[in-house]
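Undergrad:
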Amino acid sequence: MFFERQLIFYPTKTGRWELERLPRPAGAPAAVVEDVFFEAEDGVRLHGWYAADPATPTDRVLLYFHGNAGNLSDRWEFVLGLLTLPARVFIIDYRGYGRSEGSPSEEGLYEDADAAWRYLTLKRGHDPGDIVLFGKSLGGAPATYLAAKVPAGGLIAQSTFTSIPDVATYHFPIVPKFLIGTKMASIARIAKAKMPKLIVHSPADEVIPYELGRRLYEAAAEPKQFYEVPGAGHNETALVGGAAYWNALREFVRSL
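Counting from 1 along the sequence shown, just add 1 to a position and that's the residue number in this note's numbering.
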């Protein structure tokens, strides 16, 4: 099980933690960012950034769950893009990542997702219908976990999987699925999610095969949309997709 976790989670603790020194490219939103510390139900202290653009007031907030490597500070430039949708952004680090305590695990991901939801709805007072869950890659697991149980306004699942055993057998065909203890069965959970859904994937994804993105979409209940980004590697969706990609996200968020 330990070896399995080593293959799934690649956290780093070092990062760009001085908010006033975060890069502000020309034309980027004038983001106001807060360091947020909150607790999971088991007492693990978690860290996140809560970002907003004062120039575009909105009640919409994206709860963003990032991929399996690095930490939230590596997603700063993407956060700036999300602010333009327009939306506020709450991005968290899972336990063991960045400034969050503890060690990562599948159950830990779900506890962290629950804690982030409680923070937004109870501490910040956001209406559940104003919250859009956004999971990228590994982040699709906590995003679909929440989507199956909370009345969020929408779900975006980008470059993510049906389950960990499906990904594992794609990369290691000789490994029997029943030997893989970590499940992250997003395909079962997305079928229970009632809110509008946007599934984003690329046929060129070399980490999470396109077929799994399509299967996730097919398993999802209506209403749902699928957006394809041709030629984009696993971590290149926004870069390769460019303005068309951002417009697709913007149209989806505005439709909610």
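The beta carbon of each residue, even a glycine, is placed where N, CA and C say it ideally should be.
Just so you know, these numbers come straight off a predicted model, no measurement behind them.
Which of the three DSSP states is assigned to tryptophan 1 in this structure?
TA: The requested residue 1 does not occur in the structure, where the chain is confined to residues 2 to 257.
Undergrad: Cβ of leucine 134 within 7 angstroms of Cβ of leucine 64?
TA: Here residue 134 is taken as the residue at index 133 of the sequence shown, counted from 1. Here residue 64 is taken as the residue at index 63 of the sequence shown, counted from 1. Cβ distance < 7 angstroms, so leucine 134 and leucine 64 count as in contact.
Undergrad: Taking the DSSP output, what are the residues bridged to glutamate 229?
TA: The residue labelled residue 229 in the question sits at position 228 within the sequence shown. DSSP lists His202 as partners of glutamate 229.
Undergrad: Cutting at 6 angstroms between CB atoms, please list the residues of its own chain near threonine 127, excluding the five before and the five after it.
TA: Working through the sequence shown from its first residue, we reach residue 127 at position 126. What sits at residue 127 in the sequence shown is histidine, not threonine. Same-chain partners within the cutoff: Val62, Leu121.
Undergrad: Let me know the secondary structure DSSP gives arginine 251 once reduced to three states.
TA: Sequence index remark: in the sequence shown, residue 251 carries index 250 (1-based). Helix at arginine 251.
Undergrad: Enumerate, from N- to C-terminal direction, the unbroken alpha helix (DSSP H) stretches of 4 or more residues contained entirely within the region 121-156.
TA: Within the region 121-156, the complete alpha helix (DSSP H) runs of at least 4 residues are 141-148.
Undergrad: Between the beta-carbon of leucine 199 and the beta-carbon of phenylalanine 253, is there less than 7 angstroms?
TA: Here residue 199 corresponds to residue number 198 of the sequence shown, with the count starting at 1. Here residue 253 corresponds to residue number 252 of the sequence shown, with the count starting at 1. Yes. Within cutoff.
Undergrad: Confirm, please, whether the CB-CB distance from leucine 84 to alanine 32 is below 7 angstroms.
TA: Stepping through the sequence shown from its first residue, residue 32 is reached at position 31. Stepping through the sequence shown from its first residue, residue 84 is reached at position 83. Yes, the Cβ-Cβ distance between alanine 32 and leucine 84 is below 7 angstroms.
Undergrad: May I have the straight-line CA-CA distance separating alanine 233 from histidine 202, to the nearest angstrom?
TA: Here residue 233 refers to the residue found at position 232 of the sequence shown. Here residue 202 refers to the residue found at position 201 of the sequence shown. Roughly 9 angstroms between the two C-alpha positions.
Undergrad: Kindly indicate which residue of Ala29, His67, Gly109 has the alpha-carbon position closest to the one of threonine 57.
TA: Counting from 1 along the sequence shown, the entry for residue 57 is found at position 56. The shortest C-alpha separation from threonine 57 is found at Ala29.
Undergrad: What residues are listed by DSSP as bridge partners for leucine 64?
TA: Sequence index remark: in the sequence shown, residue 64 carries index 63 (1-based). Paired residues: Phe91, Leu134.
Undergrad: Quick one: what's got a C-beta closer than 7 angstroms to alanine 186's C-beta in the same chain, skipping five residues either side?
TA: Working through the sequence shown from its first residue, we reach residue 186 at position 185. Counting only Cβ-Cβ distances below 7 angstroms, and skipping sequence neighbours, we find Ser164.
Undergrad: May I ask you to report which of helix, strand or coil DSSP gives glutamate 36?
TA: Taking the sequence shown and counting its residues from 1, one reaches residue 36 at position 35. A small correction: the amino acid at residue 36 is aspartate; glutamate does not occupy that position in the sequence shown. In this structure, aspartate 36 counts as strand in the three-state DSSP scheme.
Undergrad: Give the secondary structure of alanine 239 by DSSP, where H, G and I count as helix, E and B as strand, and everything else as coil.
TA: To locate residue 239, count along the sequence shown from 1; it is residue 238. Three-state DSSP puts alanine 239 in a helix.
Undergrad: When you compare only the Cα positions, how much space is there between arginine 190 and alanine 149?
TA: Taking the first residue of the sequence shown as position 1, residue 190 is located at position 189. Taking the first residue of the sequence shown as position 1, residue 149 is located at position 148. Using only the alpha carbons, I get a separation of about 5 angstroms.
Undergrad: Note down the Cα distance separating arginine 22 from valine 34, rounded to an integer number of angstroms.
TA: Locating residue 22 in the sequence shown gives position 21, where the first residue counts as 1. Locating residue 34 in the sequence shown gives position 33, where the first residue counts as 1. Whole-angstrom Cα-Cα distance: 11 angstroms.
Undergrad: Determine, using beta carbons only, whether proline 152 and proline 129 come nearer to each other than 7 angstroms.
TA: By one-based count along the sequence shown, residue 152 stands at place 151. By one-based count along the sequence shown, residue 129 stands at place 128. Closer than 7 angstroms, so yes.
Undergrad: Could you work out which residue in Ile188, Thr238, Ala249, Thr170 is closest to alanine 222 when comparing CA atoms only?
TA: Your numbering for residue 222 matches position 221 in the sequence shown. Ranking the options by Cα distance to alanine 222, first place goes to Ile188.
Undergrad: Within a Cβ cutoff of 7 angstroms, which residues of the same chain sit near valine 76, ignoring the five residues on either side of it in sequence?
TA: Residue mapping note: residue 76 aligns to position 75 of the sequence shown, counting from 1. Going by the sequence as given, residue 76 is arginine instead of valine. Here the set comprises His67, Ile92.
Undergrad: Helix, strand or coil: which one does DSSP assign to glycine 28?
TA: As a position in the sequence shown, residue 28 is number 27, starting the count at 1. Coil at glycine 28, not helix or strand.
Undergrad: Take the Cβ of tyrosine 95 as the centre, count every other Cβ of all protein chains shown within 10 Å, and call the residue buried at 16 or more, exposed below.
TA: If you number the sequence shown from 1, residue 95 lands on position 94. Burial call: buried.
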